[in-house]
Amino acid sequence: MSFVYGIISTASLWAIPVILATILVFGMYKKLPVFEVFVDGAKDGFGTAVKLIPTLVGMLVAVSIFRQSGALEMLTGLMEPVLHFFRIPADIIPLAILRPITGSGALAVTTDMIATYGPDSYLGRLASTMQGSTDTTLYVLTVYFGAVGIRNTMYALKVGLWADLAGIIASIFIVNLVFGS
Amino acid sequence: MVNYIWLGMIIIGIAVAGANGKIELVSQAAFEGAKTGVTVCFGLISILAFWLGMMKIAEESGLLAKLQWLLGPSVRLLCPDVPKDHPAMGYMLSNMSANLLGLGNAATPMGLKAMEELQKLNPDSKTASPAMCTLLAINTSSITLIPTTIIAIRMNYQSANPVEIVGTTIFAGLFATMVAILLDRYYRFKTTRNRKKG
């Protein structure tokens, strides 16, 4: 297993340097003034980031109020009987609810669960799998649509949230299957 | 729907805080959230500037077009309404590849560039096009081959085997992505049908 780990950690260390080198060498081969082209492209970075401020501020204010007021905890409590029925462990519920809403919040909960129960416990493995299996739907939607000024997001949110639920159920299923509960 | 979720989170939050006698938390939480929003955006400036610069080189040198040619058929299947040689294709592909490798930092700038290109094809600039929804569906449920952050946290807490969750993560991510793509297909079909009727 340490062999697999070696490959994976080497691959993730090398991924970005290799991509950068490929882009630059190919640009040189095509005789592009690489630095000037880089600066030209990088100019867009500031504008794009600044354009995101209003949408992100709006969304994060709502998330922050919802969490700190205790409303999130209440929602967790309300859902507990239902999830208990499906044999979903109660400790995982806050993470399951937070995951689509806030990336940093979910990561904090995952870290806390790994610290509390241990990384190799059932809950530690489940939290790790859940964290990696989906992305923060609300954040992705806010940033991507915010950047180009889309107001009507059609069915994108619905699809994202259903996919999150599918990811959560699949995480519980596969962790039970592979590691036993 | 975004409007309802946004409104719901704030109104329910205020009501719960009031009922718990902790109403002073609301304004505090609001300002904290606003501050986080700005901090996140400023954090994005460096990443965006760097990757957009690199991507510009990839675009002008024709590397992006090469990638498009290599991996294009799979994306064309997902977004049949994007012309084959449109730059949006290349950016969508780079976005998906970066997501797959767990390079979240690189995936966002490429995804935003793809959205920009898709917006040029969009007949109604305020309403999301089907291709945009597909890109979002894939991004919100992204499959990551190497969940680097989680592996690092597990190592920090002395896991006997930090990478043992890679397989389960890929499985769960794959399932979520499949559900996302199928639902996206379904809604896309429903929307175009309704449009034809109306």
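Protein sequence lines, in the order shown, are assigned to chains L and A.
Numbers in the working numbering are just positions in the first sequence, counted from 1, shifted up by 186.
Numbers in the working numbering are just positions in the second sequence, counted from 1, shifted up by 277.
Backbone N, C-alpha and C define an ideal beta-carbon position, used for all residues, glycine too.
Practice prompt. Using only alpha-carbon positions, find the residue among 202/L, 249/L, 265/L that is nearest to residue 284/A.
Written response: The shortest Cα separation from residue 284/A among 202/L, 249/L, 265/L belongs to 249/L.
Worksheet item: For residue 287/A, which option in 364/L, 254/L, 273/L, 204/L has the closest C-alpha, if you only look at C-alpha atoms?
Response: Looking at the Cα atoms, 254/L is the closest of the given residues.
Item to complete: Examine chain A for any beta-carbon lying closer than 8 Å to the beta-carbon of residue 281/L, and answer yes or no.
Response: It does not; no Cβ of chain A falls within 8 Å.
Worksheet item: Using DSSP with H/G/I as helix, E/B as strand and the rest coil, what is residue 288/L?
Response: Under the three-state reduction of DSSP output, residue 288/L falls in the coil class, being neither helix nor strand.
Discussion item. Using a Cβ distance threshold of 8 Å, determine whether the segment 419 to 430 of chain A contacts the segment 371 to 389 of chain A, with at least three qualifying pairs required.
Written reply: Output reads yes: the segment 371 to 389 of chain A touches the segment 419 to 430 of chain A.
Practice prompt. Please say whether residue 314/A and residue 251/L have beta carbons closer to each other than 8 Å?
Written response: Cβ atoms of residue 251/L and residue 314/A: not closer than 8 Å.
Worksheet item: Of all Cβ atoms in chain A, is any one closer than 8 Å to the Cβ of residue 274/L?
Response: So, not an interface residue.
Worksheet item: When you compare only the Cα positions, how much space is there between residue 241/L and residue 332/L?
Response: CA-CA distance, residue 241/L to residue 332/L, rounds to 6 Å.
Item to complete: Give the straight-line distance between the Cα atoms of residue 331/A and residue 322/A, rounded to the nearest whole angstrom.
Response: Those two C-alpha atoms are separated by around 14 Å.
Discussion item. At a CB distance below 9 Å, what residues from the segment 312 to 333 of chain A approach chain L? Give them in sequence order.
Written reply: For the segment 312 to 333 of chain A, which is checked against every Cβ of chain L, the residues closer than 9 Å are 312, 313, 314, 315, 317, 318, 319, 320, 321, 322, 323, 324, 325, 326, 327, 328, 329, 330, 331, 332, 333.
Item to complete: With DSSP as the reference, label residue 404/A as helix, strand or coil.
Response: Correct three-state label for residue 404/A: strand.
Worksheet item: Grouping DSSP H, G and I as helix and E and B as strand, with all else coil, what is residue 399/A?
Response: Of the three classes helix, strand and coil, the one that applies to residue 399/A here is coil, per DSSP.
Item to complete: Kindly confirm or deny that the segment 332 to 340 of chain A and the segment 222 to 230 of chain L touch, where touching means at least three C-beta pairs closer than 8 Å.
Response: Touching, per the Cβ criterion.
Worksheet entry | Contact check, residue 326/L vs residue 413/A, beta carbons under 8 Å | Going by C-beta atoms, residue 326/L is nearer than 8 Å to residue 413/A.
Worksheet entry | DSSP-derived helix/strand/coil call for residue 382/A | In the structure shown, the three-state DSSP call for residue 382/A is helix.
Fill in: Three-way DSSP call (helix, strand, coil) for residue 372/A in this model
DSSP places residue 372/A in helix when its eight states are reduced to three.
Worksheet item: Along chain A, which residues have their Cβ under 8 Å away from the Cβ of residue 299/L?
Response: From the beta-carbon of residue 299/L, no residue of chain A is found nearer than 8 Å; the closest lies around 10 Å away.
Item to complete: From the DSSP output, in three-state form, read off residue 297/A for me.
Response: The DSSP-derived three-state label of residue 297/A is coil.
Worksheet item: Can you tell me where the alpha helix (DSSP H) with residue 328/L in it begins and where it stops?
Response: Boundaries of the alpha helix (DSSP H) harbouring residue 328/L: 323 to 334, taken from the DSSP string.
Worksheet item: Does DSSP put residue 438/A in a helix, in a strand, or in coil?
Response: Per DSSP, reduced to three states, the secondary structure at residue 438/A is coil, with no helix or strand assignment.
Discussion item. Classify residue 346/L: buried if its beta carbon has 16 or more other beta carbons within 10 angstroms, exposed otherwise.
Written reply: Classification of residue 346/L: buried, given that the 10 Å Cβ count is 16 or more.
Discussion item. Please tell me whether residue 207/L has its Cβ less than 8 Å away from any Cβ of chain A.
Written reply: With 8 Å as the cut-off, residue 207/L does not count as an interface residue toward chain A.
Worksheet item: Taking the continuous alpha helix (DSSP H) assigned at residue 265/L, which residues delimit it?
Response: First-last of the alpha helix (DSSP H) with residue 265/L: 257 to 271.
Worksheet item: How many Å lie between residue 400/A and residue 372/A at the Cα?
Response: Cα to Cα, residue 400/A sits roughly 23 Å from residue 372/A.
Fill in: Rounded C-alpha distance that separates residue 354/L from residue 439/A
Annotation: residue 354/L to residue 439/A spans about 20 Å, alpha carbon to alpha carbon.
Worksheet item: List, in order along the chain, the chain L residues whose C-beta lies closer than 8 Å to that of residue 473/A?
Response: Under the 8 Å cutoff, chain L gives no residues; its nearest Cβ is about 16 Å from residue 473/A.
Practice prompt. Pull out every residue of the segment 329 to 350 of chain L whose Cβ sits closer than 8 Å to any Cβ of chain A, in chain order.
Written response: Cβ contacts with chain A come from 329, 330, 331, 333, 334, 335, 336, 337, 338, 339, 340, 341, 342, 343, 344, 345, 346, 348, 349, 350.
Worksheet entry | Under 8 Å by beta carbon: chain A residues contacting residue 202/L | Per Cβ cutoff of 8 Å: 380, 383.
Worksheet entry | Span separating the alpha-carbon of residue 386/A from that of residue 325/A | Answer to the nearest angstrom: the Cα atoms are 5 Å apart.
Practice prompt. Within the same chain, show all residues whose beta-carbon is closer than 6 Å to that of residue 303/L, passing over the 5 residues directly before and after it, in chain order.
Written response: Within the same chain, Cβ atoms closer than 6 Å to the Cβ of residue 303/L are found at 309, 310, the five residues on either side in sequence being excluded.
Fill in: Contact with chain L by residue 410/A, beta-carbon distance below 8 Å
Interface residue, yes.
Worksheet item: Name the chain L residues that come within less than 9 Å of residue 362/A, Cβ to Cβ?
Response: Among the residues of chain L, none has a CB under 9 Å from the CB of residue 362/A; the nearest is roughly 18 Å distant.
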